[in-house]
Amino acid sequence: MFTSHALSRLIWPGLAIVGALTLSAQPVLAGECPADKIKPSAQQMVDYKPVGVTDVTLGAIDLGKQPAHIEGRELRFRKLTIAPGGIVPWHSHDDRPALIFVQQGEIVEYASNCVDPIVHKAGDIRPEVYGTSHWWKNLGKETVILYVGDVRKDPNDHHM
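Right, dumping it as structure tokens:
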């Protein structure tokens, strides 16, 4: 049987090692550009058309009619389905913040501020805010399903 002193001698060194490893690890969140790969104008705008993309608005709220009174803005929730080989064309989020949830599959993002492509997998959430311009491509063999919540200014803006 262990005494509390013997347990203490076993536990504290182990905790010290775990703590040191935790503090020394460089955090890289899933689906984000690594800090050493962030660079302005790393990817240039490309003029691809949408390919294999279905964009369905599941619901929308006129924010001017809500207590927040954000006139001229709409909160919408969409489902994007991207077939294998499909492309979501270049677009900007400078005036349209969004949250993207990858429900199924794996998709690659080519962001204006990242040297390398960014891989997003099922379960990832990607915030898209001012300064985000990008395009996406499904390089896999599985259909990708994204759920998108965004705040749109122009109801005639049909960019992805």
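When you line the sequence shown up against our numbering, it's residues -6 to 153, in that order.
For glycine and all other residues, C-beta sits at the position ideal for the given N, C-alpha and C.
Quiz item: How many angstroms separate the CA atom of V39 from the CA atom of H62?
Solution: 36 Å
Quiz prompt | Which of helix, strand or coil DSSP assigns to G57 | solution = helix
Self-check item: Residue from T125, T136, G133 with nearest C-alpha to Q37
Solution: T125
Quiz item: Going along the chain, which residues of its own chain have a beta-carbon closer than 7 Å to the beta-carbon of L16, five neighbours each way excluded?
Solution: Any answer about L16 is weak, because its pLDDT of 42 lies below 50 and its placement is not dependable; what the coordinates show is given next. Same-chain partners within the cutoff: there are none.
Quiz item: Starting from T125 and walking both ways along the beta strand (DSSP E), at which residues does that stretch end?
Solution: That residue, T125, is in no beta strand (DSSP E); it is neither H nor E in DSSP.
Quiz item: Since A115 contacts G98 with CB under 8 Å, what's their CB separation in whole angstroms?
Solution: 6 Å
Practice problem: Would you identify the three-state DSSP class for A35, choosing helix, strand or coil? | Solution: coil
Exercise. For A18, name the three-state secondary structure that DSSP assigns.
Key: The pLDDT assigned to A18 is 41, lower than 50, so where the model puts this residue is not dependable, and the model offers no usable value.
Exercise. Taking the CB atoms as reference points, tell me whether V81 and P27 lie closer together than 8 Å.
Key: no
Quiz prompt | 7 Å CB neighbourhood of P33 in its chain, flanking five on each side removed | solution = N106
Quiz prompt | Contact set for Q19: own chain, Cβ-Cβ below 7 Å, skip 5 residues either direction | solution = Residue confidence for Q19 is low, a pLDDT of 41 falling below 50, so the modelled location carries little weight; the figure read from the coordinates is stated next. Nothing listed; no residue qualifies.
Self-check item: Where the beta strand (DSSP E) through I100 begins and ends
Solution: 99 to 104
Quiz item: Are the beta-carbon atoms of D168 and R69 separated by less than 8 Å?
Solution: No answer is possible for residue 168: the residues shown for the chain start at -6 and end at 153.
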